[in-house]
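To convert a position in the sequence shown, counted from 1, into our numbering, add 65. To keep things clear, I will list the structure first and then write my remarks on it.
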Amino acid sequence: MKTYKQIVEENKAWLEETFAKIDKKLSAVTLRSRDKLVDGVGPDGVTHKSTPPRNWTSGFWGGMNVLMYEHTGNEDYLLTAKRSEELLDAALGDFEGLYHDVGFMWHILSGALYRITGDEKSKNRNLFAAASLMSRFVLGGNFIRAWNTARPEGEVANWTIIDCMMNLPILYWASDLIGDDRFKRVAMAHADNAIRCHIRADGSVAHIVEHDRETGDVYKFIAKNQGLNADSSWSRGQSWALYGFVLSYIHTGEKRYLDASKRVANYFIANVCDDWLPRVDFRAPAEPVYYDSTAGMCAACGLIELAKNLPEDEGGYYANAAINLLRALSEKFGDFNPDTDVMISHGTVRYPIPGVIAYEKAGVHIPIIYGEYYFVEAVLKLLGSEFNPWMSKKK
Ligand code: GLY
Numbered sequence: 066m067k068t069y070k071q072i073v074e075e076n077k078a079w080l081e082e083t084f085a086k087i088d089k090k091l092s093a094v095t096l097r098s099r100d101k102l103v104d105g106v107g108p109d110g111v112t113h114k115s116t117p118p119r120n121w122t123s124g125f126w127g128g129m130n131v132l133m134y135e136h137t138g139n140e141d142y143l144l145t146a147k148r149s150e151e152l153l154d155a156a157l158g159d160f161e162g163l164y165h166d167v168g169f170m171w172h173i174l175s176g177a178l179y180r181i182t183g184d185e186k187s188k189n190r191n192l193f194a195a196a197s198l199m200s201r202f203v204l205g206g207n208f209i210r211a212w213n214t215a216r217p218e219g220e221v222a223n224w225t226i227i228d229c230m231m232n233l234p235i236l237y238w239a240s241d242l243i244g245d246d247r248f249k250r251v252a253m254a255h256a257d258n259a260i261r262c263h264i265r266a267d268g269s270v271a272h273i274v275e276h277d278r279e280t281g282d283v284y285k286f287i288a289k290n291q292g293l294n295a296d297s298s299w300s301r302g303q304s305w306a307l308y309g310f311v312l313s314y315i316h317t318g319e320k321r322y323l324d325a326s327k328r329v330a331n332y333f334i335a336n337v338c339d340d341w342l343p344r345v346d347f348r349a350p351a352e353p354v355y356y357d358s359t360a361g362m363c364a365a366c367g368l369i370e371l372a373k374n375l376p377e378d379e380g381g382y383y384a385n386a387a388i389n390l391l392r393a394l395s396e397k398f399g400d401f402n403p404d405t406d407v408m409i410s411h412g413t414v415r416y417p418i419p420g421v422i423a424y425e426k427a428g429v430h431i432p433i434i435y436g437e438y439y440f441v442e443a444v445l446k447l448l449g450s451e452f453n454p455w456m457s458k459k460k
């Protein structure tokens, strides 16, 4: 098996050429979409549209601009990222509107900007977001509640979703920043419960779990939302776990998180089709084919971190898988024309199920901003960037 370094070296020309195309495109789009919290496109099918500040995807456009600023020094990207921060303030000021996704929303935007620019306002935004996430911790059960009680019967109150693994870095960051391990301990308690309740023996991952409030045990697996059913394997959920657990490992040094990430990665690689284009659910029927580019781009980031954090003789396997995903997805679904707003198409919000979720409402094969975000993050990692927005330090 080749090593991580050999694989990167072999793909260097492709990586450099791809980054040049990304920069050429985004340096134009950042000017056009500066005042938007981008997620997807409007009715003309090509022009970026904005998402409301309280949507969990609202930080990715600014976050992608932070990545581009950090790597290129082009201040246009910085201005767009700062504009995103201002627009997101409306969500930070709406306490009841917040839920567990504050890590996605602020850590890769304000947390990352603070580490690059030292701006105290960015630091405070991120600290407030971290404190709100802490406030969702359920004592006894040892988990972070995903959503608020939005239904009369209160049924979402003790739910966790695997996505939350990507929100934990903001807690590790807060502990590191203020020298107080409470935030980190809450993150680890949640991660431990997620290993116990979400990860199955074969390395696949359950999306939504309802917990016993006092013990944290699984009360039931919830069948609704983004995969095919409660026993299936929603590919983006696998990616959230794959990347989220290796990030918890890097933050804490606890090997059980590395092992969890590896287990999910092995399952992911065994189940992605030969064309390296992830389907929305790995346990869905072969037809019709529904792709999700976002699952592959996020998985690539996790696979690269695994490759970097495992012994040389193991890492190449994961680096190779990451490159296969990035090349296949960007070649099939990439648009690097600077005159159009979207760079990566064919994300899918949820699996359409006749009679349950209509195809038109499922968001199938649409541009989704975080697919692009993770694509840029992965390419920069492979080009040698040491700046990881999900970590605590600048380098
Ligand atoms: N966090 C929601 C999703 O992955 O679609």
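No residue lacks a Cβ here, since even glycine has one placed at the ideal position from N, Cα and C.
Ligand 1 heavy atom lying under 8 Å from the CB of residue i
i, result
"Gln291", "yes"
"Gly302", "yes"
"Asp228", "yes"
"Val221", "no"
"Phe310", "no"
"Asp166", "yes"
"Val414", "yes"
"Phe347", "no"
"Trp212", "no"
"Phe333", "no"
"Trp121", "yes"
"Trp171", "no"
"Trp305", "yes"
Classification of residue i by the beta-carbon crowding that lies within 10 angstroms, buried from 16 upward
i, result
"Arg190", "buried"
"Ser269", "buried"
"Met133", "buried"
"Leu204", "exposed"
"Leu96", "exposed"
"Gly420", "exposed"
"Gly107", "exposed"
"Ala335", "exposed"
"Thr214", "exposed"
Spatial neighbours of residue i in its chain, beta-carbon cut-off 6 Å, leaving aside the 5 residues before and after
i, result
"Asn258", "Asn207, Phe208 and Gly281"
"Asp277", "Tyr284"
"Ala93", "Pro403"
Cβ shell of residue i (< 7 Å), same chain only, five flanking positions each side left out
i, result
"Ile72", "Gly381, Ala384, Asn385 and Ile388"
"Phe84", "Val444 and Leu448"
"Met66", "Asp378, Gly381 and Tyr382"
"Leu192", "Ala239"
Residues near residue i in its chain [Cβ-Cβ closer than 8 Å; skip 5 each side]
i, result
"Tyr424", "Pro417"
"Val111", "Thr405, Asp406 and Val407"
"Ser197", "Phe160, Leu163 and Val167"
Run of the alpha helix (DSSP H) containing residue i, from where it starts to where it stops
i, result
"Val73", "Tyr69 to Glu75"
"Trp305", "Ser300 to Thr317"
"Trp109", "Sequence check: residue 109 is Asp here, not Trp. Premise fails: Asp109 is in no alpha helix (DSSP H) and is neither H nor E."
"Thr413", "Element bounds for Thr413: n/a, residue is neither H nor E."
"His136", "Phe125 to Thr137"
Residue i, enclosing beta strand (DSSP E) - first and last residue
i, result
"Phe286", "Val283 to Phe286"
"His255", "Taken as a continuous stretch (DSSP letters only), His255 belongs to no beta strand (DSSP E), being part of the alpha helix (DSSP H) at Arg247 to Cys262."
"Ser115", "His113 to Ser115"
Residue i CB to nearest heavy atom of ligand 2 below 8 Å
i, result
"Trp455", "The model on display carries ligand 1 but not ligand 2."
When the Cβ atoms of the segment 356-367 are set against those of the segment 331-345, are three or more pairs found closer than 8 Å? Touching, yes, given that three or more Cβ pairs across the two stretches are closer than 8 Å.
Take every Cβ of the segment 370-381, pair it with every Cβ of the segment 426-433, and state whether three or more of those distances are shorter than 8 Å. no
Three or more C-beta pairs below 8 Å linking the segment 236-250 and the segment 295-308: no
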